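In the working numbering, the protein residues as written are -16 to 719.
C-beta: ideal position from N, C-alpha, C; glycine also.
Predicted model, so just to flag it, every value in this text is computed and none were measured.
One structure below.
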Ligand code: ADP
Ligand code: MG
C-alpha cells in the first residue's frame, strides 16, 4: 500500500512527536488499528478529524461527500454557461493589481478559441501572482458570471494547465476549521482502502433498495464496499441530483445500513432491559364484595374514563403485572387526561404494597399534580395509614426532613415533586413505579439518574413517561424503538374545539375588548408574554409592562402576574387566585406552559407568537378549551424591522390556525424543524441519523425494523459487527 501523508494521519497512534501542522510521511504501522481518541497525536488536522468523529478507518470510509465537483472535463469558454461552475484552460494575457474600489488582483485570460474571461482575487499572495503571470497557461475552475464588461470569475481555483483529468467526480466532504478538503480527501481514500467492509447483512436477506445495472449487464444491489467506492468516486455520467438528494441506489444501501444499525442497538438495549427484574405489581382480588384500591378509585371518580384512557390503562396494567421493568411512553394531546391514567397506575403499585414516585419538570405543575392526587387518593389511603408526600427544591428544612422520613419508612405510598424526588438524600423503601410527566423536559442524564436512584430494592422500578408532544410514528419507530408507546387518541367528551385566530399586534385594542367581553361572561383569560431567549430580564420587563397595561385597560378586573423568578409562595398564591376564579386575567411568562388546568379559562392570548416554537404554542393553547365553554386562542404577532414574518414563523402560525390535532402539529413541527431539533439534542441524547431521512426513507426503516430482531436471534455476530461499524463507541450512549 502506498504511504500517503493522509493515510498515516488517519490511522496513526503515532508515538513520536512531530511538527504540528504537517502530516507524517512514514507509512502507518498498522492501518487497521482502532485508535482511541486520546492516543491520536495532536496535529491540528488530526484533531480536526477527531472532532468530526473520524477516528477509525471505517469512520473515514463512512464520511460521505456533501456534493461533488465535476473536474473531469475542460470546457471552451463559449460553451460555458453563466452562473455555472466551469473548468477551463486559458492563457494569462494581462495581470495587474488594482487599488479601487479595493486592492485586488485582476487577471485577463484567453482560451484556445480566443474567448476571454477576467479573474478577480481580493486576497492573494506573491506566489499566486507568480503563477498568474502573463504567458502562463492555467487550468481554472470557478463560477462564471456574465456582465456588462465581459465574463468574470471571482476567486477561481487555478493551477498549471495540463496533466491528466480525473476520471470521477471530485467529492466535497463536510469538514471543519483546520481541515482542508485535499487533506480530508486523502484521509478518506486511505480509510476506505483499509477499512473492513466485509458484508454484515445476513445471507439471503432481501434488500429493500433499488438495484443497478452491473458490469455484467445484470441488475444487482450494491454491496457496502461498492456503494462506498461509488459514492466517494462516482463516474461523471451519473445524475448528480440523485447523488445529492440521496436517492441513488448506492445511497439507499448506506441508509438501509445506518437504519439497521440504529434498530439493532435500540433492540439490544431493550433486550438487555428485559433481562432485568422488576416487582410484578397487581391489585389484589378482593373477596366478599370488598373493593381493592383501584376499584374504589374508579368508583369515586366523578366521570367515566374515555375508551382511549381505558385502553392505555389496560396496557399499563399488563406491563406492571410482569417481572420485566416497564419502559412505556404514554402520549396524548394536551387535555387528553393523562394524569388520571398516572393516578390509576400509581394505585395499582400501591395496592400491591409498593411505592410510586411522580416527577414533573416545574414546581407549579408538580404542585397541581400533588393537589389533584391528594384530592383523589388521600381519602382512600388514609384508612390504610398511607400518605402522599411532597418534595420540591423550595421547601423548608423541617418539612423536607419530615417528608424524607415518610418516604424512607414507606408510609408515603406516593411521592410527588420536582427533580427533588431524585436527589441523593431521598431513600425509598420499596419503589415499584416511577412516573415522569412531560418527560421531554428532562434530559437523558436525569433519566439515567432516576434509574440508578430507584434501584433501592435490588429490583428495577417500572417506568411510565408521559408526553403531550406526540411523537410521529416514524420517529417513535426509530428513536424510541426501545420504548413501548401507549397513545390516548381521544379527548374527554364535552370539549369544544379552540378557535385560533392570527391577529397583528397593531390590533391589540380589539383583543383587549375581547378580554373584557369574556370576563363579563364570567370567564377567565390567560395572556402569555413572549419568550426572549437571550434575556430573562427582558421577558420579565415585558410581562410587567403588559400587566400594567391590562390592569389599566380593564378596571375592576383582577389582573395577576406570574413569572419564574417569583418566590414560590407568591406563585402559589397567584395560581390559587386564578384557579379559584377570583382572578380574571393571568399575565404570565411561559411558566404556565405545561399542565396547568383551569377549565373556566376560555381565552388565551399569546403575545409575539412568532417567537414561539410550534409544539410550545400547541401546549399553551391546550390550557384553554378544557371546559364546556367555547374557547379561543389569539396569536398576536408582530412583524419585525423587515416588515414581514419570517418563513418558518409564518408556517408555524399557519399550522396553528389550521389544526388543533396534536399529532398533526407534531408532524408539521417535524417537517419544519427536522428530527434533530424536534427532539432536541438534549432529549434524544442519541446521535441523529446522518444519512437516512425518516420520512423519505420509511420503507428502509420498516425493513430495518423487521430485520433487526431476526438478525439478533440468528446472526448475533454479524449484528455486533454491524453495530460497531456504524456506531462505534457511540452505541453505549444510545442505551440511555
Ligand atoms: P393532560 O393529558 O394534558 O395531562 P389532564 O390529565 O390534565 O390532561 O386532564 C385534563 C382535564 O380533563 C382535567 O381537568 C381532568 O380532570 C379531565 N378529565 C380527564 N379524563 C376525563 C374524562 N374521562 N372525562 C372527563 N374529564 C376528564
Ligand atoms: Mg398533564
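| Check | Outcome |
| --- | --- |
| Taking all protein chains shown into account, decide if residue 77 is buried (16 or more other Cβ within 10 angstroms of its Cβ) or exposed. | exposed |
| What do you get for residue 80, buried or exposed, if any count of 16 or more other CB atoms within 10 angstroms of its CB means buried? | exposed |
| How is the alpha helix (DSSP H) around residue 708 delimited, first residue to last? | 699 to 710 |
| Quick one: does the C-beta of residue 315 sit closer than 6 Å to a heavy atom of the ligand ADP? | yes |
| Could you give the first and the last residue of the continuous alpha helix (DSSP H) run that contains residue 302? | 290 to 303 |
| Do residue 399 and residue 353 come within 7 Å of each other at the CB atom, strictly closer than that value? | yes |
| Determine the contact status of residue 528 and residue 246, defining contact as a CB-CB distance below 7 Å. | no |
| Buried or exposed, going by whether 16 or more other CB atoms sit within 10 Å of the CB of residue 601? | buried |
| How many Å lie between residue 669 and residue 40 at the Cα? | Reliability of the predicted coordinates at residue 669 is poor, the pLDDT of 43 falling under 50, and the value obtained from them is presented with this limitation in mind. For residue 669 and residue 40, the distance between alpha carbons rounds to 22 Å. |
| Let me check you understand the geometry: is the CB of residue 353 closer than 6 Å to at least one non-hydrogen atom of the ligand ADP? | no |
| Need the endpoints of the beta strand (DSSP E) that residue 370 sits in, please. | 370 to 374 |
| What is the DSSP secondary structure of residue 467, counted as helix, strand or coil? | strand |
| Quick one, which of 563, 209, 363, 592 has its alpha-carbon nearest residue 581's? | 563 |
| Kindly indicate the opening and closing residues of the alpha helix (DSSP H) around residue 351. | 346 to 364 |
| Can you check the segment 71 to 118 for any beta strand (DSSP E) of at least 3 residues that lies completely inside it and give the ranges in chain order? | 87 to 93, 99 to 104 |
| According to DSSP, is residue 286 helix, strand or coil? | coil |
| Please report how far the alpha carbon of residue 615 lies from the alpha carbon of residue 329, in whole angstroms. | 34 Å |
| Residue 410 to residue 490, Cα distance in whole Å? | 55 Å |
| If you drop the 5 nearest sequence neighbours on each side, which residues of the same chain put their C-beta closer than 7 Å to that of residue 706? | 244, 247, 248, 714 |
| My understanding is that residue 324 touches residue 292, with C-beta atoms under 8 Å, so please give their C-beta distance in whole angstroms. | 6 Å |
| From which residue to which residue does the alpha helix (DSSP H) around residue 251 run? | 232 to 257 |
| Which residues bound the alpha helix (DSSP H) around residue 562? | 551 to 562 |
| Do you know offhand how far residue 487's Cα is from residue 356's? | 41 Å |
| Between residue 289 and the ligand ADP, is there a pair consisting of the residue's CB and a ligand heavy atom that are separated by less than 6 Å? | yes |
| Within its chain, find whatever has a CB closer than 7 Å to the CB of residue 375; leave out the 5 residues flanking it on each side and keep chain order. | 346, 349, 400, 401, 403 |
| Say the cut is 6 Å; is the CB of residue 637 nearer than that to a heavy atom of the ligand MG? | no |
| Sorry if obvious, but does the Cβ on residue 644 come closer than 6 Å to a heavy atom of the ligand ADP? | no |
| How many angstroms separate the CA atom of residue 634 from the CA atom of residue 418? | 34 Å |
| Where does the unbroken beta strand (DSSP E) through residue 570 begin, and where does it stop? | 568 to 571 |
| Are the CB atoms of residue 61 and residue 87 nearer to each other than 7 Å? | no |
| At a cut-off of 6 Å, is residue 319 close to the ligand MN when judged by its beta-carbon and the heavy atoms of the ligand? | For the ligand MN, the structure offers nothing, since it holds only the ligand ADP and the ligand MG. |
| Going by the DSSP bridge assignment, what does residue 315 pair with across the sheet? | 471 |
| Buried or exposed for residue 205, going by 16 or more other Cβ atoms inside 10 Å? | buried |
| Looking only at its own chain, which residues have a Cβ that is under 7 Å from the Cβ of residue 709, when we skip the five neighbours before and after it? | 240, 241, 244 |
| Which residue wins for smallest C-alpha separation from residue 609, given the options 532, 506, 692? | 506 |
| Following the continuous alpha helix (DSSP H) through residue 415, name the residue where it begins and the one where it ends. | No alpha helix (DSSP H) contains residue 415, which is instead part of the beta strand (DSSP E) from 414 to 419. |
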